[in-house]
Structures are given as structure tokens and as C-alpha cells.
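One structure is given here, and the rest of the page talks about it.
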Amino acid sequence: MSLFFEQCLNGLQFGLLLFLLAAGLTLVFGIMDLVNLAHGSLYMVGAYFAATFAAWTGSFVLGAVLALVATLLVGMAVEVIAMRRLYGRDHLDHVLGTFGLILFFNELVRLIWGPEGMSLPLPSWLNTSVQIMPGFSYSAYRLAIIVVTLSVAAFLYVLVMRTRVGMLIRAGASNREMVGALGINIKLLYTLVFGLGAALAGLAGLMQAPILTVQIGMGENILILAFVVTVIGGIGSIRGAFLAAILVGVIDTLGRAYLPDLMRLLLSPNAAATAAPALSSMLIYLLMAVVLVLRPEGLFPAARR
Amino acid sequence: MSGALSIRNIVVALLLAALLLLPLYVKAGGNLFLLTLFNRIVILALAAVSLNLILGYGGMMSFGHAVYLGIGGYAVGILAHEGIYTGFVQWPVALAASALFGLVIGALSLRTRGVYFIMITLAFAQMAYYIAAGLARYGGDDGLTIYKRSQFFPPLNLSDKVQFYYVCLALLFASIYLVHRLVNSRFGLVIQGTRSNDTRMRAIGFPTYRYKLVCFVIAGTLCGLAGALLANNTDFVSPAVMYWTRSGDLIIMVVLGGMGSVTGPLIGAVALLVLEEALSGITEYWQIILGPLLLLVVLFARGGIDGLLQQIGPLPKVARTKKVGA
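Protein chains in written order, with this note's numbering: chain U, 1 to 305; chain H, 306 to 631.
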């Protein structure tokens with residue numbers, strides 16, 4: 001039972017991490033109508049920055065904060081140099097242009113940091129386990145991820161729904177020209193939103209870094225998952241992304257953990273051993289297909305227009 | 306495709322002639338590597354031509370087209386693994402499997418539009434990727450080596466590099482002709498109509514969903530053929546051929562070449578793969594050049610290479626023929 005509870009927490013943690021990526025994607029899509037495949041590259045860049053800065057400063061937290069700022073700046077630079085020119089183009093242009101950016105970033109990282117991956121060691125105070133309930137303890141680091149991502153989600157909610165900047169962001173999403181005509185610097189606003197999305201992706205990358213190794217292409221698999229999350233949640237909806245991310249995280253984790261056993265009950269052990277890994281990695285794509293067939297706009301479509 | 310002697314038509318004709326004559330040049334003492342490279346280009350051009358049918362003419366932005374390369378490839382690979390080498394079984398199975406897959410995912414995906422369509426085709430392709438990676442009997446992640454190429458009647462021997470090249474080239478030309486006929490037929494005009502304005506086409510009374518689905522299946526089947534060829538070419542098939550970046554490569558070929566014409570994807574495939582080859586000769590980090598180059602093409606050369614060539618227009622002193630559309 002405690003194993004099941006631990007897997008649920010793992011799923012929640014993974015889902016919240018996906019939310020950080022999906023939130024950036026869905027913000028950028030909802031507001032700038034931009035499909036950004038290079039979002040996974042910012043995730044990777046965040047992880048590389050964190051590993052480098054942590055090694056320089058000798059402090060995990062300081063490294064993480066520096067990496068966050070650096071990713072924010074990289075994101076804003078990317079927006080000013082490239083993305084800005086893609087607004088208002090059709091989605092094919094976005095896909096192609098940002099695909100080019102992925103190639104560029106992967107190669108740039110290889111040039112700077114070399115082809116071997118890096119690792120980001122955890123400080124000892126995070127590398128322990130915490131007793132949550134009597135007889136059940138859980139990794140302190142994963143718990144920290146859950147806490148950080150939940151606070152980021154709360155921060156995003158307050159930022160978008162309760163502040164003046166958030167009001168402008170929402171206004172910019174529904175009518176760009178009108179906001180501009182009212183004297184708001186919409187270009188700067190877009191740059192900030194893109195930078196925010198980049199920083200969220202970087203945060204996800206640097207938090208995932210100690211669990212997995214930091215390597216080239218690390219952003220690509222998780223990018224597809226983040227897309228699945230945004231599509232299930234309804235593109236442009238942060239609330240949808242939050243719920244869908246947790247759904248996807250939990251289903252994916254529990255599927256990988258329990259599907260092999262479950263299938264052994266129904267199939268021969270041999271057949272189960274071959275079918276289970278494939279089926280568990282397909283599970284969320286199946287979920288997405290079902291959602292899109294039943295509700296082509298996603299589960300929680302953003303109320304727009 | 307007017308018969309004007311424009312720069313663009315001359316370039317296309319020269320390209321086709323060069324592809325036809327390449328084996329002769331290689332036999333006369335040229336570099337054998339050229340034949341290997343161009344065989345790959347011809348096969349991927351076939352895949353790009355098929356993608357262009359739905360992407361360029363139908364406006365259906367599939368981001369999972371490489372999946373058919375895998376399906377066609379695995380049809381050949383699995384049958385060969387089970388001891389069935391005859392191409393008369395392998396190839397029809399490859400085509401039928403691709404058509405069936407296209408029918409199922411097309412029927413589901415075409416219910417959505419826009420970004421959702423991009424994402425759902427991507428998701429289905431990833432699903433197929435994971436299925437293939439889970440096929441432990443057929444190599445799983447590591448892929449499947451094909452020890453014998455597809456067998457046809459005696460004089461035809463696909464293991465012969467030159468013969469195989471000409472088979473691929475003939476199929477490429479045939480599919481370009483097929484797409485040309487298709488897009489200029491009533492069916493093709495309906496498809497192009499749905500790209501411009503789906504609602505209006507439905508209002509006139511065309512069941513556009515069915516038209517698009519048929520188009521989607523045809524494109525998938527053609528790409529499945531390319532997959533069967535690709536597996537024969539490399540004597541190997543692995544899940545990697547349908548990874549999502551490969552679908553991205555196919556989109557690049559189509560857009561780089563130009564979506565407005567049936568030969569555009571061929572130009573794009575040649576341009577992209579030759580460029581890759583050339584850049585990787587200059588620097589190990591060639592993608593750092595290719596990436597921004599793609600972005601520049603998107604930003605400044607919407608019509609791709611084909612569009613640029615058309616802008617140059619007809620040769621001087623040749624009477625301008627009236628433009629009859631692309």
C-alpha cells in the first residue's frame with residue numbers, strides 16, 4: 001500500500017513538472033498564437049546552466065537561481081531575435097522555424113558543453129528522505145519539487161488573474177491591436193511572456209536534472225509529453241494544463257509501475273513481458289486520442305472569442 | 306505546370322536528367338558513394354512527394370508522416386524475418402498496412418483541425434514508434450536487420466545497386482506523375498478547395514471529410530512504399546525511422562522545395578540532403594548552420610526554392626505564355 005502511495009506521489013511530482021513545461025507552451029500559444037517546438041530546448045538549456053553554475057558556485061540553490069535568470073534571458077533573446085518575426089504566420093511556419101531552432105540549440109550545447117552529458121549532484125540536505133506518515137517516508141528532493149511547482153502554479157494563477165500585468169496579458173490574448181492602441185507596449189509584454197515561459201521550462205529542466213542526467217536531446221521526449229498535456233487540457237488554458245498535467249503524470253507513472261503486473265493476470269507471462277512496456281509508453285497517447293475524439297477542443301478549452 | 310521555357314522548368318528538367326544519368330557517371334569511374342547518397346535522396350523524395358499531397362495541396366499539417374516509412378519498412382523487415390522474401394507479398398503488405406493505418410488515424414485525426422491536428426498526428430506516430438520499440442521479437446529498440454532484399458522475378462535483382470536505384474527512381478517519377486494527375490483532377494480541385502475554405506466547400510455540397518480522408522490514405526500509402534524501399538536500401542529497419550524528428554525532416558523537404566508544385570518536394574529533398582552532406586563536410590557542428598538557415602527560409606522564402614526559381618521567371622526573349630496556375 002505504501003508502495004502504491006509512493007507511486008502516486010511520483011506521478012504527481014512528474015505531472016507537476018510537466019505542468020511547468022505545459023504552462024509555458026500554453027501561455028505562448030494562448031497569447032501569441034505561436035507553436036513553439038523549441039520549448040524543450042529551453043528546458044535543456046536550463047538544466048545545463050544549473051549544472052554549470054552549481055559547479056562554479058558550489059551551491060545547488062545559488063546555481064539554480066542563476067540558471068533560472070540565465071534561461072529567462074536566453075528566452076527573451078530568442079523572442080527578440082527569432083520568435084517575434086513568426087507571430088501572425090501560419091502554424092506550419094512556426095513548426096518549421098522552431099524545428100530549426102531545436103537543431104541550432106542541440107548543436108550549440110554540444111559545441112559548448114561537449115557531447116557527454118553532465119550531472120547535477122544533490123546537496124546532502126536534499127538527498128535524504130522525509131517521514132510523511134508513520135511508516136512511510138518519501139524522497140525529500142521529490143517532495144521539494146512538489147512544493148516548488150505547486151507554489152509556481154499558485155504564483156502563475158495570481159499573476160495572470162489578479163495583477164495588472166496579468167490583466168494586460170489576458171487582454172493581449174484577446175485583442176492585440178486594441179491593447180497596443182491603448183498605449184501598452186505589447187512587444188515588450190510578449191517578450192516578457194515568452195521569457196516567463198522559458199524560465200518555467202528552465203525551472204523544470206534544472207529540477208529534473210538531478211534525477212536524470214543532463215544530456216543533449218533531453219528536452220525532446222518531454223516536449224512531446226508537454227504537448228500531449230496542453231492538447232488534453234485544451235490549448236491556451238493554464239487551468240486545463242494543470243489538471244491534464246497531473247492526470248498524465250499519474251497515469252504514466254502508475255501505468256509503468258502496475259501495467260506489467262496487471263497484464264500478467266490476463267496474458268501469458270511471456271506475452272505480458274513483451275506487450276507491457278510498449279503499452280505503458282503508449283498509454284498517454286491513447287488517452288490523448290480518446291480525448292481528442294470525444295472532445296476535439298480538449299477537456300478544459302480556454303474560453304476565448 | 307505550363308510548358309513555358311522558364312528558368313525553373315529548365316532547372317527541374319536538368320535535375321531529372323541528372324538523376325537519370327547518375328549511375329552512368331558512377332559506373333564511368335565516379336564516386337560510388339554518390340549512388341548511395343542519391344538512392345537515399347530519391348527514396349526520401351518519394352516520401353516528401355507523398356507528404357506534399359496532404360500538406361501542400363490539402364493543407365493538412367501532418368506531423369507524423371514518417372510513421373509510414375516505419376510501417377512500410379517493418380512490413381518488409383518482419384516478413385523477411387519470418388522467411389517470406391518475395392516482393393510480390395512484401396510490397397502489397399507494406400502498402401496495405403500503411404493504407405489501413407492511414408485510414409484509422411486519418412478518420413480520428415481529421416475530426417480535429419489546426420494545432421490539434423498537428424499534435425494528434427504527432428501522437429499517433431509516437432505511439433507507433435513505441436509499439437515498434439516494444440517488438441522484442443523483431444529487435445525492439447535496436448531495430449531489425451534484413452538479410453535478403455525483396456525478391457522479384459529473375460532479371461530484376463534489387464541487391465544490384467544500379468538496378469535498385471532505377472527501380473526507386475522509376476517509382477519516384479511514377480508517383481510524381483500520379484500526384485500531378487491527382488491534383489489536377491476534380492478530386493484534387495476539391496482537396497485544394499478545402500485547403501482554402503473548408504466551410505465553403507461543404508456549403509457547395511462536397512463531403513469534405515471523406516475527400517480529405519481519401520487524400521490522407523493515398524499519401525500514407527505512397528509513403529509506405531517509400532518505407533519499403535528505404536528498408537531495402539539500408540537492409541535495416543528500426544523505430545528511429547519514425548521518430549518525430551524524421552517527420553520534421555520530411556516537412557522541411559516539402560517546404561524547402563516549395564509546396565506549390567508537384568516537383569517541389571523533389572527539389573527540397575535533393576537540396577536538404579546535399580546541403581547536409583556538404584555542411585557535415587565543412588564542420589562537425591553542421592546543424593548550427595542548418596537550423597538558422599531553416600528559420601531564414603521560413604521568414605524570407607515562403608515559396609521555397611521552387612518559389613524563388615519561379616520568381617526569376619521566364620528566360621529572356623522567350624514569349625511569355627499566359628500563366629495557367631501552378
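C-beta: ideal position from N, C-alpha, C; glycine also.
Contact with chain H by residue i, beta-carbon distance below 8 Å
{"i": "Met76(U)", "result": "no"}
{"i": "Tyr48(U)", "result": "no"}
{"i": "Thr71(U)", "result": "no"}
{"i": "Leu111(U)", "result": "yes"}
{"i": "Phe19(U)", "result": "no"}
{"i": "Phe60(U)", "result": "no"}
{"i": "Leu108(U)", "result": "yes"}
{"i": "Gly114(U)", "result": "no"}
{"i": "Phe300(U)", "result": "no"}
{"i": "Thr191(U)", "result": "no"}
{"i": "Ser237(U)", "result": "no"}
{"i": "Tyr285(U)", "result": "yes"}
{"i": "Val65(U)", "result": "no"}
{"i": "Phe155(U)", "result": "no"}
{"i": "Arg305(U)", "result": "At Arg305(U), the pLDDT of 39 sits below 50, so the modelled position is not reliable; the number obtained from the coordinates is stated separately. Cβ-Cβ to chain H under 8 Å: no for Arg305(U)."}
Local conformation of residue i per DSSP, three classes
{"i": "Gln456(H)", "result": "strand"}
{"i": "Val567(H)", "result": "coil"}
{"i": "Leu188(U)", "result": "helix"}
{"i": "Val35(U)", "result": "coil"}
{"i": "Ser119(U)", "result": "coil"}
{"i": "Ser480(H)", "result": "helix"}
{"i": "Asp503(H)", "result": "helix"}
{"i": "Leu329(H)", "result": "helix"}
{"i": "Ser41(U)", "result": "helix"}
{"i": "His370(H)", "result": "coil"}
{"i": "Tyr548(H)", "result": "coil"}
{"i": "Ile246(U)", "result": "helix"}
{"i": "Leu3(U)", "result": "helix"}
{"i": "Pro301(U)", "result": "coil"}
{"i": "Leu267(U)", "result": "coil"}
Nonlocal neighbours in the same chain, by C-beta distance under 8 Å from residue i, ignoring five residues either side
{"i": "Ala412(H)", "result": "Leu518"}
{"i": "Tyr548(H)", "result": "Ala371, Tyr434"}
{"i": "Val28(U)", "result": "Leu34, Asn36, His39, Val193, Phe194, Gly197"}
Cutoff 8 Å: residue i Cβ touching any chain U Cβ
{"i": "Thr417(H)", "result": "yes"}
{"i": "Met366(H)", "result": "yes"}
{"i": "Ala631(H)", "result": "Residue placement at Ala631(H) is flagged as unreliable, the pLDDT there being 40, under the threshold of 50; the coordinate-derived value follows with that caveat. Chain U contact via Cβ: absent."}
{"i": "Met306(H)", "result": "Residue placement at Met306(H) is poorly supported in this model, since its pLDDT is 46, which falls under 50; the coordinates are not used for a value here."}
{"i": "Ala401(H)", "result": "no"}
{"i": "Ile423(H)", "result": "yes"}
{"i": "Tyr435(H)", "result": "yes"}
{"i": "Val381(H)", "result": "no"}
Rounded Cβ spacing between residue i and residue j (contact assumed at less than 8 Å)
{"i": "Asn538(H)", "j": "Ser455(H)", "result": "Rounded, the Cβ-Cβ distance is 11 Å, inconsistent with contact."}
{"i": "Gly88(U)", "j": "Gly219(U)", "result": "Actually they are not in contact, since the Cβ atoms of Gly88(U) and Gly219(U) sit about 26 Å apart, beyond 8 Å."}
{"i": "Ile132(U)", "j": "Tyr138(U)", "result": "5 Å"}
{"i": "Ala209(U)", "j": "Ala50(U)", "result": "6 Å"}
{"i": "Gly609(H)", "j": "Leu561(H)", "result": "5 Å"}
{"i": "Leu86(U)", "j": "Asp93(U)", "result": "6 Å"}
{"i": "Ala67(U)", "j": "Gly202(U)", "result": "6 Å"}
{"i": "Leu17(U)", "j": "Thr191(U)", "result": "Between Thr191(U) and Leu17(U) the Cβ distance is about 25 Å, and since that is not below 8 Å, they are no contact."}
{"i": "Ile425(H)", "j": "Leu292(U)", "result": "5 Å"}
{"i": "Leu156(U)", "j": "Ile238(U)", "result": "6 Å"}
{"i": "Ala199(U)", "j": "Leu72(U)", "result": "4 Å"}
{"i": "Val354(H)", "j": "Val484(H)", "result": "6 Å"}
{"i": "Ile359(H)", "j": "Phe521(H)", "result": "6 Å"}
Residues of its chain near residue i, where Cβ-Cβ distance is below 7 Å and the 5 sequence neighbours each way are ignored
{"i": "Gly445(H)", "result": "Ala438, Gly439"}
{"i": "Ile251(U)", "result": "Leu283, Ile284, Leu287"}
{"i": "Phe511(H)", "result": "Val495"}
{"i": "Pro258(U)", "result": "First, the residue type needs correcting, since residue 258(U) is Tyr and not Pro in the sequence shown. If we look at Tyr258(U) and ignore the five residues flanking it on each side, it has no Cβ neighbours."}
{"i": "Asn462(H)", "result": "Gln468"}
Residues bridged to residue i [DSSP beta-bridge criterion]
{"i": "Tyr138(U)", "result": "Val130(U)"}
{"i": "Leu449(H)", "result": "Val542(H)"}
{"i": "Thr391(H)", "result": "Gln456(H)"}
{"i": "Val214(U)", "result": "Met118(U)"}
Spatial neighbours of residue i in its chain, beta-carbon cut-off 6 Å, leaving aside the 5 residues before and after
{"i": "Ala244(U)", "result": "Val229, Ile232, Gly233"}
{"i": "Ala171(U)", "result": "Val179"}
{"i": "Trp396(H)", "result": "Ala533"}
{"i": "Tyr373(H)", "result": "Ser403, Gly525, Cys528, Gly529, Gly532"}
{"i": "Tyr390(H)", "result": "Lys453, Gln456"}
{"i": "Ile556(H)", "result": "none"}
{"i": "Val623(H)", "result": "Its pLDDT being 45, under 50, Val623(H) is placed unreliably in this model, and the coordinates cannot settle the point."}
Contact test: residue i Cβ vs the ligand FAD heavy atom, cutoff 7 Å
{"i": "Val231(U)", "result": "The ligand FAD is not part of the structure shown, which contains no ligands of any sort."}
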